[in-house]
Amino acid sequence: MEQLQTVKKFFRWYYFNNSEKIKAPESTESREFGYRDFNGNMVRHLSFKSEGEYRAFLVKTVPKSVYYSVAFYIDPTAPMESKGWIKADLVFDIDIKDVSEKIKENSFWICKKCHSFGRLPAPKVCPNCGSEVEEVEWVCDECLNEVKGAALDLLNILTEDFGLSKKEISIYFSGNNGYHFYVYNEEMRKMGQQERMEIVDYITMKGFDSSVYSKNIPENGFMINRKRVPVDPNVTVDIKRVFRAPDSLHDESGLAKKEVDSLESFDPLDKAVVLPEEPVEVLMYYMPSIRFKGETFGPYKQEKVKVPAYVAVYAVLKGLAEFTENRSG
Amino acid sequence: MESFLGVEDYAKYPFLPESISYALRRNPNLSVDKIDSIEIMGFEPKVVLDVTRKRLITGIKSGVSPKLDDVHHEISLVSFIISMIAVRFIDDQVVYSRFAIAEARRSEGYLLEEIEKNPRGKDVAKVIFEKVSNVKLNQLDQGFLIPLSDFIKFSVKGETSWKLVNRWVYMGNVYVKHNELAHMFREISMKSIIERINKMPKPAVKGSLLELIKEIEEAKPRPRTIAYTGKMPPCIEFQMNQLKQGVNIPHSARFLLATYLINIGWNPEDIVELFRTAPDFNEKITKYQVMQISGAKGSGTKYMVPSCEKLLTLNLCKRDETCDNIKNPLQYGRFKKRT
Ligand code: SF4
Ligand SMILES: [Zn+2]
């Protein structure tokens, strides 16, 4: 708990210093907001009248994570059945574990108590002390590039197959290991679950039958290069979902959900790093090496190190380290 | 665009908004109580009523309204409007759908002729389609391009070939062949006719129109009610209810119903009865298909009920908590604990 209070201190620093830059969604007043606090409680059905009100909330509450609905409602604070659904952004979620084989090689388990660790697959309980173990997904440049490749493929489908203009699409680094896409096209915003399922099946190529497909190509029509992108179907089809808010901090990494200007050149472990540089001492149980802002940290094993706050928070939230002094408050 | 279509087109596609407004403009005193005295282009009221009778009875019995090419276009058009009044009076969703699909099929036939005829025909078909659907099309050699979201809206649900994943999609458009466009046209027309009838106030009918209505009521499909016991899985219940309401369910749903019911021991005649309320019911074809599925005709092998997984991809699964972890609708209820 104390560890999390220290994390909260850094989150507060971020929201306090950046609130002016945090954007509220289009039609803020029609969205449902929700957040999780540092005690783990989830609160939903909130609404804010303006960007100012939303920013003030972030600074005052300092949520562990914050979300808002893809949907626009008549009354966002009403119970689910009576909110009055108007339309919803079409969204896609690409997660690294569905894309990359490499991530499985890098990932590992760590014991929550004695901090033994090892390669996957994880044992049921720690072989050393019998306590619960946790799996940790560990990213490297290679697997981040793989997920970026999938994001580029999705962007191609949206712009070339679906004919959307880049202005109708926003891409965000999810704040942890994936990408979130938003489509702001009015025709698509009106689509219901079944219609969104058709879109998802197209992208994931579920139910694809090449002999049927080949009969549906126009005479003299050129071949379209079909690529499968494993977006999460549940995210796209759920038209009442609350989705992590752009510019907010991810509760499993301390990185920000950052808008991507150009996918090709986007480096999440640089652009999404927003917590302070200020050196902090942590006890690293175990941390494989990782590169932030072009600088490599680790590997560390059972050692006290002074690292920038963003590295410390990242390691603590992954369950790999603890702050050595109580810095809350 | 108004001048692009003429009275001949209005007679072919009488449910277009502009066809109806044309008819009402030409016959300002066309109202229920004047039907017995309506004269069109010098023809007696009886002629108009006879055409209406032919249109309705043939349509409802056979599933396709007659073309009426030998009838004056103005009369043909008015007979459609009187038909709608009669159908509205009967106040029965099964008759609405049956009439609507018969009319939609009639116009679909014209649309296909149009496309095959000459280059101008394709333009006409395009305009007609756009007017009934509010969708903008692009013309290609062998088909049309239709905007993605409209394709999804109007595609035939539950058919592999209509799933977006199996379509050629480029720059926000989906390629559809002529016959597919005609199919969508039929579905859209049918819906728009039903909508229009539903919006009409119930007319107070008397005179010879009332007699005509009696004839239609006799012509309408009358399924025997089949008593069955035992709870059906949600996917089956759903399609049976759709059928009862006169909804035109997709072929994959009919296949599901037929295989399922045969496998739980229904006899083929009862299954044919069940399909009688389908707006496009054709006794001979349905009998043949059901017999084939039952293994009594054709290859002699009984067809399998599609798996739940397959039904899910066809959008036919309506899983609820009563489905437990079953893999096939036939397992429904079998694993349920008795209380
Ligand atoms: S789970 Fe199987 S039985 Fe249940 S609704 Fe779906 S397809 Fe039907
Ligand atoms: Zn241990």
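Chains U and A, in that order, give the protein sequences. Take the first sequence: its letters are residues 268 to 596, numbered as in this note's numbering. Take the second sequence: its letters are residues 753 to 1091, numbered as in this note's numbering. We put the CB at the ideal spot given by N, CA and C, even for glycine.
- Taking C-beta separations shorter than 6 Å and ignoring five residues to either side along the sequence, the partners of A:F896 in its chain run L889, V928, L933, following chain order.
- U:F489 is classed as exposed because its beta carbon has fewer than 16 other beta carbons within 10 Å across all chains shown.
- One residue list follows from the rule of a beta carbon closer than 6 Å to any heavy atom of ligand 1, given in chain order as A:P985, A:P986, A:C987, A:C1060, A:L1063, A:C1069, A:K1070, A:R1071, A:C1075, A:I1078, A:P1081, A:Y1084.
- At a cut-off of 8 Å, the beta-carbon of U:V403 does not count as near ligand 2: no heavy atom of the ligand is closer than that.
- The beta carbon of A:S901 sits closer than 9 Å to some beta carbon of chain U.
- In terms of beta-carbon proximity, U:F384 stays away from the interface with chain A, with every pair separated by 9 Å or more.
- Closest option to U:F533, judged by alpha-carbon separation, among U:G307, U:F448, U:N412: U:N412.
- In this structure, the C-beta of U:C410 stays at least 8 Å away from each heavy atom of ligand 2.
- Close to ligand 2, as judged by a C-beta nearer than 6 Å to any of its heavy atoms, are the residues U:C378, U:K380, U:C381, U:S383, U:C393, U:N395, U:C396, U:S398, in chain order.
- A:Y1084 has its alpha-carbon roughly 12 Å from the corresponding atom of A:E989.
- Note that the C-beta distance between A:T804 and A:L964 is below 9 Å.
- Looking only at U:S332, U:V358, U:S336, U:A539, the smallest Cα-Cα distance to U:L422 is reached by U:V358.
- Inter-residue distance for U:K380 and A:K909 is about 53 Å (C-alpha atoms, whole angstroms).
- Taking each of A:I827, A:V816, A:L808, A:E860 in turn and checking the Cα distance to A:I837, the smallest one comes out for A:L808.
- Contact annotation: the segment 542-561 of chain U does not touch the segment 294-311 of chain U, with fewer than three C-beta pairs closer than 8 Å.
- Taking a Cβ-Cβ threshold of 8 Å, the residues of chain A close to U:K473 are V917, T1065, in chain order.
- Close partners of U:P485 in chain A (Cβ separation under 7 Å): L892, Q894, G895, W920, Y927.
- With a cutoff of 9 Å on beta-carbon distance, A:I1016 and A:L1082 are scored as near each other.
- In this structure, U:Q270 places its C-beta atom within 9 Å of the C-beta atom of U:E589.
- One alpha carbon belongs to A:Q845, the other to U:N306, and they sit about 56 Å apart.
- At a cut-off of 9 Å between C-beta atoms, U:E465 counts as an interface residue with respect to chain A.
- For U:Y282, not one C-beta of chain A is nearer than 9 Å to its own C-beta.
- Taking the beta carbon of U:Q461 as reference, the chain A residues within 9 Å of it are I904, K909, N1067, listed in sequence order.
- Of all alpha-carbon atoms in U:Y335, U:W280, U:L313, the one lying nearest the alpha-carbon of U:K290 is that of U:Y335.
- Within chain U, no C-beta atom comes nearer than 9 Å to that of A:G873; the closest sits roughly 19 Å away.
- With the criterion set as a beta carbon lying under 8 Å from some beta carbon of chain A, the members of the segment 410-438 of chain U are E427, D428, F429, G430, L431, in sequence order.
- Listed along chain U, the residues sitting closer than 8 Å to A:S913 by beta-carbon distance are V479, K482, N483.
- Contact between the segment 491-507 of chain U and the segment 516-528 of chain U is absent: fewer than 3 CB-CB pairs across the two stretches fall below 8 Å.
- Under the rule that a run must span 4 or more residues, the alpha helix (DSSP H) segments found entirely inside the segment 299-339 of chain U read 318-328.
- By the Cβ-count criterion, A:R1006 is buried, with 16 or more other Cβ atoms from all chains shown falling within 10 Å of its own Cβ.
- Counting other Cβ atoms within 10 Å of its Cβ, A:K966 stays below 16 and is therefore classed as exposed.
- In the pairwise beta carbon analysis, the segment 439-448 of chain U is classified as touching the segment 360-374 of chain U: at least three pairs are separated by under 8 Å.
- Contact annotation for U:I491 against chain A: W920, V921, Y922 [CB-CB distance below 9 Å, chain order].
- Taking a C-beta distance under 9 Å as the contact criterion, U:L530 and U:I438 qualify as a contact pair.
- A:S941 sits away from A:E865, with the two beta carbons spaced by 9 Å or more.
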